[in-house]
Amino acid sequence: MRTHYCGLVNESLTDQVVEVCGWVHRRRDHGGVIFIDLRDREGLLQVVFNPDQAEMFAQAERIRSEYVLAVKGKVRSRLEGKENPDLASGKIEVIAQELTILNRAETPPFQLDDDDVSEEHRLRYRYIDLRTFGMTERLKTRAKISKAIRDYLDSDGYLEVETPMLTKATPEGARDYLVPSRTHHGQFFALPQSPQLFKQLLMVSGLDRYYQIVRCFRDEDLRADRQPEFTQLDIETSFLNEEQIMFSMETMMRQLFKTILDVDLAGPFPQMTYAEAMDRFGSDKPDLRIPLELLEVSDLMESVDFKVFSGPAKDPKCRVAALHVPKGSALSRKQIDAYTKFVAIYGAKGLAYIKVNDASNGREGLQSPIVKNLPDDVLDELLKRTKAESGDLIFFGADKTKIVNEALGALRIKVGEDLGLIEGDWRPLWVIDFPMFEYDEKAKRLNALHHPFTAPKDEHLDLLESDPEKCNSRAYDMILNGTELGGGSIRIHKQNVQKKVLKLLGISDEEAEDKFGFLLNALSYGCPPHGGIAFGLDRLVMLMTGANSIREVMAFPKTQSASCLLTQAPSEVSAEQLKELNIKVRQKPKETE
RNA sequence: GGAUUGGUAGCUUAAUAGGUAAAGCACUUGAUUGUCGAUCAAGUUGAUGAGAGUUCAAGUCUCUUCCAGUCCGCCA
């Protein structure tokens, strides 16, 4: 039926007879001659119908948008001056000899060349949306990325192993998607949040190097970069330390960017401690393309007669930080008010600022509601430390450290984007030396910053007992342009250490035995030192294709309320199905009348 | 759970201070032998997401609700 893809017919086939199949992208009827742009996944091809074959021409007159055609015809150079430079096949056209209408089509619910159709419509008719050039290209790029990754890992000795989708609910982490068991009344499987434990077991089994491109499930609220089901590139290896794993993953990324985008990522990736990232960027995934930094000024503000600053400056749980914005004094009062509103989202109670009108004129050169509260020596030191020049602006955050970091960290990105300060295209880095735990104020207990199987640094082992909050882990995150591409760690391979960590997380011996007994057992049967990493494949593809949501790189994504507009899932099930599962729905859904 | 933006013809949008719902594209028909977002002419298309209220009068004001987007919380 087909000899060539439409989009791949070019001048090298001139004078040959080809058979192509595709969808009618556009029809231009000139009465005596009809042009049809025929489209398939590889692109467009102009097909010409002449009236000398009356029967075929009559059929061509009835063709409408999105009809599916098979056309046999001769490739010929377009007439002089009639080439279309926008088309890969623009130098040639196909003169139709035979036409088969394989299928008719209703008028599509939206036009394929309309690039601002609402996402709601696109998702409802996703099968049509996927015909558009942008979607097709992104899915093709995604497939190329997966293949390049597989090629690299395969050549590096990694085995692709599948792990169960029906598995055990875990107490830590995100909310599980549950699947009721028919054969065990009242019991449930959980869909995996990640194959974490299975890949560790594969290391115990001596598989040595494992990878998998695998679906993961988390029942939490959605974002532009979060879907209830998403794809991880999951990797684990034995007998390598963190430096070796990081080097290998970096090499993989470098090859990937070269293959897909022809981009040379500068290497080696810089490494930054968690503490430094929080201090300088207010974030554990800093966007290094933005040349703004948070500056610690708590020590300066301790003794000033301005409680908004001196209070937090003296409190060890708080910080006062400055964000120096070159040329920022051009910001209007209205813009600064908008930024004040912006940081309020993160809990900041205000946003102090100083406009540096004339850096050489001391206090007189500064414009700000707070200058009157600050003594000369503090102002001098502030200008010195920020290296602020005339025309600049300095924002301040003074609050709980967490709030200051989140507020100024987000402001840093927003201001950087608004003022067009972004430098360079790709700025990867590693963030290392994460704390093992974070104190959860609400639950009044420790939480694992990565996950409960992350190993503590050898030299911090004693801190597990004495001061767990000071204990750092052997975890590492790969960050690209402010997005966490992946995170991993060296795992705990000693049973006693694993038990200790679970206890610190407030998991009782009984619960540990119940939920993780199989892992604890496995650790006792000759578990090698091992570690790994998991990358968010959707986010990686999103960055590499320049998409602004992972929905744009998934064929059939869900909406923000985790429903599928195409299939109308989730939906109710029959009484028989529920009965078989021994499940009773407690409340009837609200009346829909 | 919260903040915020939007929902008007098949699609994308408009509608002054509450006073006859409009345009472009799509679609239909006709014309048209070199277009490529073809062109020209004529034509069809609406319970303004749903429900209630205020009013002589509601797309517009009020309340409730549903859907979609962005963000906060949440996401080890």
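The opening residue of the first sequence carries number 1127 in my numbering; numbering runs sequentially from there.
Note that beta-carbon positions come from the ideal geometry of N, C-alpha and C, so glycine has one too.
Query: Report all residues from its chain with a CB closer than 8 Å to the CB of residue 1549; omit the five preceding and five following residues, and keep chain order.; Result: 1415, 1416 and 1417
Query: Let's see if you can read the secondary structure: which residues bound the beta strand (DSSP E) around residue 1520?; Result: 1518-1526
Query: Over what stretch of residues does the beta strand (DSSP E) that includes residue 1450 continue unbroken?; Result: 1444-1451
Query: Could you give the distance in angstroms between the alpha-carbon of residue 1377 and the alpha-carbon of residue 1295?; Result: 35 Å
Query: Rounded to whole angstroms, what's the CA-CA distance from residue 1491 to residue 1422? Just pull it up for me.; Result: 23 Å
Query: If you run the structure through DSSP and keep just helix, strand and coil, what is residue 1576?; Result: coil
Query: Short check: CB of residue 1210 to CB of residue 1408, under 7 Å?; Result: no
Query: On the DSSP bridge list, what partners appear for residue 1200?; Result: 1143 and 1221
Query: Between which residues of its own chain and residue 1540 is the CB-CB distance below 8 Å, once the five residues before and five after are set aside?; Result: 1465 and 1468
Query: Suppose only complete runs of 4+ residues qualify. What are the alpha helix (DSSP H) ranges in the stretch 1342-1418, listed by chain order?; Result: 1368-1387 and 1400-1407
Query: If you compare alpha carbons, which of 1303, 1479 and 1180 is closest to residue 1345?; Result: 1303
Query: Go ahead and pull the three-state DSSP assignment for residue 1170.; Result: strand
Query: Could you give the distance in angstroms between the alpha-carbon of residue 1388 and the alpha-carbon of residue 1381?; Result: 9 Å
Query: Considering only residues of the same chain and omitting the five flanking positions on each side of residue 1483, which have a CB-CB separation below 8 Å?; Result: 1455, 1491, 1492, 1493, 1516 and 1517
Query: Would you call the stretch 1258-1269 and the stretch 1313-1329 touching, i.e. three or more CB-CB distances under 8 Å?; Result: no
Query: Got a sec, what are the start and stop residues for the alpha helix (DSSP H) residue 1623 sits in?; Result: 1621-1630
Query: Should the stretch 1596-1615 be regarded as contacting the stretch 1656-1673, the criterion being three or more beta carbon pairs within less than 8 Å?; Result: yes
Query: Quick check: the stretch 1233-1247 against the stretch 1199-1218, are there 3 or more CB pairs under 8 Å?; Result: no
Query: Nearest to residue 1443 by alpha carbon, out of 1374, 1424, 1633 and 1134?; Result: 1424
Query: So, is residue 1671 buried or exposed, given that buried needs 16 or more other C-beta atoms within 10 angstroms?; Result: buried
Query: Quick check on the DSSP output: the beta strand (DSSP E) that includes residue 1614 runs from which residue to which?; Result: 1609-1616
Query: Tell me whether residue 1228 counts as near the ligand ZN, meaning its Cβ is closer than 6 Å to at least one heavy atom of that ligand.; Result: Summarising the ligand content, the structure contains no ligands, and the ligand ZN is consequently not present.
Query: From residue 1719 to residue 1255, what does the alpha carbon distance come to, in whole angstroms?; Result: With a pLDDT of only 27 at residue 1719, under the threshold of 50, the placement of this residue in the model should not be trusted; the figure read from the coordinates follows. Using only the alpha carbons, I get a separation of about 32 Å.
Query: Exposed or buried, residue 1661, counting other C-beta atoms within 10 Å across all chains shown (16 or more means buried)?; Result: buried
Query: What residues are listed by DSSP as bridge partners for residue 1293?; Result: 1316
Query: What number of angstroms, rounded off, separates the C-alpha of residue 1692 from the C-alpha of residue 1698?; Result: 16 Å
Query: Taking residue 1546 as the reference, which of 1453, 1561 and 1251 has the closest Cα?; Result: 1453
Query: Measuring straight from C-alpha to C-alpha, what distance separates residue 1523 and residue 1578?; Result: 33 Å
Query: Please classify residue 1159 as buried or exposed, where buried requires at least 16 other C-beta atoms within 10 Å of its C-beta.; Result: exposed
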